[in-house]
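Some notes on the structure that comes next.
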Amino acid sequence: MIPEFKMAASSSSSEHQQKSSRQHLEHLSKASLMEAFQKPLTTATAVDVADPNWKSALQEPTKDLRAKTEDVKQLLDVQFDQMGLKRELQMGIFEMGFESPSPIQERAIPKILEGHNGQMCDVMARAKNGTGKTGAFLIPLLQKIDTQDQTTGHPQALVIVPTRELALQTSAICMALGKHMKVQVMVSTGGTDLKDDIMRLQQTVHVVVATPGRILDLMEKNVAVMDRCKMLVLDEADKLLSQDFGQLLDRILVHLPKERQLLLFSATFPQSVDAFKSRLNNPQIINLMNELTLKGITEFYAYVQEKQKVHCLNTLFAKLNINQSIIFCNSSQRAVLLSRKITELGYSCYCIHSRMPQEIRNRIFHDFRTGTVRNLVCTDLFTRGIDVQAVNVVINFDFPRMAETYLHRIGRSGRFGHLGVAINLITNDDRDTLHKIETELGTEIKPIPKEVDKRLYVAESQQDLEESFIKAIATNKMAGASASATSGCGASSNNQQQTSDQLVHPLQRTTPSGLPEVC
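In UniProt numbering, the protein residues as written are 1 to 519.
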């Protein structure tokens, strides 16, 4: 249980903000939620495909001037308009704000479209979290869709993902990329009315994005007929091929034609994925994982006793410049209790976990993506593929037991080459796990300094950031040397609404184990 942490009541303005957020959550309709997911950017405009100046007529988003790390910088200097893509697809790409292909997109898109040695090939692609894997499979998938085929109930492509939230996100990106193609995309997940999916499949559907259990149900009811499905994508393939989903996937593959292309995308390829390789046709492997962690994420730990975690978290909230944060707990019960405590402290916070009704999960996910709420407490439900680029802080309130889980958690920040910080609250029981994860991932998790340089996780403009990031790294290394003896749970100036009470900085001391202790 998370211990009680008593503090003065929040200000009236904070209470009003929390009440308004709850009312908004309760009254957001399912229809408006789905509309928000399906229109992440602008609606399609009438652009003449034959117009040589077609780019100037597009509704492109504001250009992102933030510098990007080497994780997403091009390797081959190939542009989207040099890949032989349909003009309508290029329109969707540019309106999504994709300026140039990331390394995984440079390598995967031509391989999926052109094959290997002139023959169609299946692809296993491994790249870091947040480096453009979704675009790497959706762009060639849409290129192969025949939108002239209006047959009902016979999808041409199937994308399977492990979580419902990821299905919503992926389908929204697919619709945005393909809106000028007039491609019909359907999302199908558990927790929703099966009758709605059956009715939708009585209309034209080119692409289905689904979770394994629901799409298998539709296949076995002979509602989703896969005889024309020419591409199957397994996103987060390591999770889909684990014991949780492995048997479902075997049953799904039975319904697919033999002549189909199979694409596996993931940040990690455990033994279960390697074993699946024997089932692939002319398999081609793309591995861009020369290192596992993102270059833009700086990792810290703070040594605390269990009863001090909430106090330390409160201090972090007061001192860090947080755009949005995700706080991970190891159980649903702890996530619920912690979110209540954060709300009592006066901060904007929601909680999400797998035991919630799907409609509530969707609403919370929607509010977090749109910035209505700043902090999200969750379980590992939220570690897979979820892309909220405003997240610059990830906090492991409970430290994970597996290196793979840790990698996916911290990958929620620093998305697509941007900056982020991961802070781990470590108890005495976590010491061995900390060292094991550092060794397995080949990363260094440093003691948190008294002041976390905001240049490590707060974006600046393109021209200023690279120099300041290098300086911040150097400063961080110097601070890390002194922090190995003492460490604090402090950082830069406050950027969140908090209670009116003055927070006391935690005392610092070193435990016999050599790990810095906070509070």
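A virtual CB, placed ideally from N, CA and C, is assigned to each residue, including glycine.
Beta-carbon spacing of PRO103, LEU288 below 8 Å: Taking 8 Å as the cut-off, the beta carbon of PRO103 is found closer than this to the beta carbon of LEU288.
Helix, strand or coil at CYS174 [DSSP, three-state]: helix
What separation, rounded to the nearest whole angstrom, lies between the Cα atoms of ASN129 and MET175? 22 Å
Burial state of THR439, where buried means 16 or more other Cβ atoms lie within 10 Å: exposed
Spell out a yes or no on whether the segment 126 to 145 and the segment 226 to 240 are touching, meaning 3 or more CB-CB pairs, one atom from each, closer than 8 Å. yes
Three CB pairs or more closer than 8 Å across the segment 278 to 285 and the segment 91 to 100: no
Which residue wins for smallest C-alpha separation from LEU262, given the options TYR350, ALA167, ILE173 and CYS121? The shortest C-alpha separation from LEU262 is found at CYS121.
Take GLU95 as the anchor and find which of ARG107, LEU177, ASP149 and GLU165 has the nearest alpha-carbon. The alpha carbon of GLU95 has as its nearest neighbour, out of ARG107, LEU177, ASP149 and GLU165, the alpha carbon of LEU177.
Using beta-carbon positions only, say whether LEU166 and PRO140 come within less than 8 Å of one another. no
Exposure label - residue 563; buried when at least 16 CB within 10 Å: The question about residue 563 has no answer, for the chain in this structure spans 1 to 519.
With three or more beta-carbon pairs closer than 8 Å as the criterion, would you say the segment 440 to 449 touches the segment 320 to 330? Contact between the segment 440 to 449 and the segment 320 to 330 is absent, because fewer than three Cβ pairs lie under 8 Å.
Buried or exposed: ALA275, going by 16 or more other Cβ atoms within 10 Å of its Cβ? exposed
Have a look at LEU264 and LYS307 and give me their C-alpha separation to the nearest angstrom. 43 Å
Looking at C-alpha atoms only, which residue of LEU89, ARG409 and LYS133 is the closest neighbour of MET181? LEU89
DSSP state of ASN282 mapped onto helix, strand, coil: In the three-state reduction of the DSSP assignment, ASN282 falls in the coil class.
Compare the Cα-Cα distances from LEU138 to each of GLN119, GLY411, LYS239 and ASP235 and report the closest residue. ASP235
Between ASN375, GLY115, GLY190 and GLY213, which has its C-alpha nearest GLU359's C-alpha? GLY190
Going by beta carbon distance, what residues of the same chain come within less than 8 Å of GLN156, once the five residues before and after it are set aside? LYS144, ILE145, ASP146, ASP149, HIS206, VAL207, ARG228, CYS229, LYS230 and MET231
Under DSSP, the alpha helix (DSSP H) around MET199 begins and ends at which residues? 194 to 200
Rounded to whole angstroms, what's the CA-CA distance from HIS435 to ALA302? Just pull it up for me. 14 Å
Cβ of GLN243 less than 8 Å from any chain D Cβ? Looking for chain D here will not work: only one protein chain is present.
Among all the DSSP beta bridges, which residues are the ones paired with SER266? ARG126
Quick check: what's the CA-CA separation for PRO257 versus GLY420? Whole-angstrom Cα-Cα distance: 43 Å.
For ALA210, which beta-bridge partners are listed by DSSP? For ALA210, DSSP records a beta bridge to ILE160 and SER188.
Of the residues GLY153, ARG355 and THR379, the one placed nearest ASN222, counting alpha carbons only: GLY153
Which residues bound the beta strand (DSSP E) around residue 536? Because the chain in this structure spans residues 1 to 519, residue 536 falls outside the shown range and cannot be described.
Are the beta-carbon atoms of ALA210 and LEU248 separated by less than 8 Å? no
Of all the beta strand (DSSP E) runs that stay within the bounds of the segment 307 to 341, which reach a length of 3 or more residues? 324 to 328
What separation, rounded to the nearest whole angstrom, lies between the Cα atoms of PRO283 and MET124? 7 Å
When DSSP labels each residue in this structure, what does PHE399 get in the three-state scheme? coil
Just to confirm the assignment, what range does the alpha helix (DSSP H) spanning ASN428 have? Segment: none, ASN428 is in no alpha helix (DSSP H) and carries neither H nor E.
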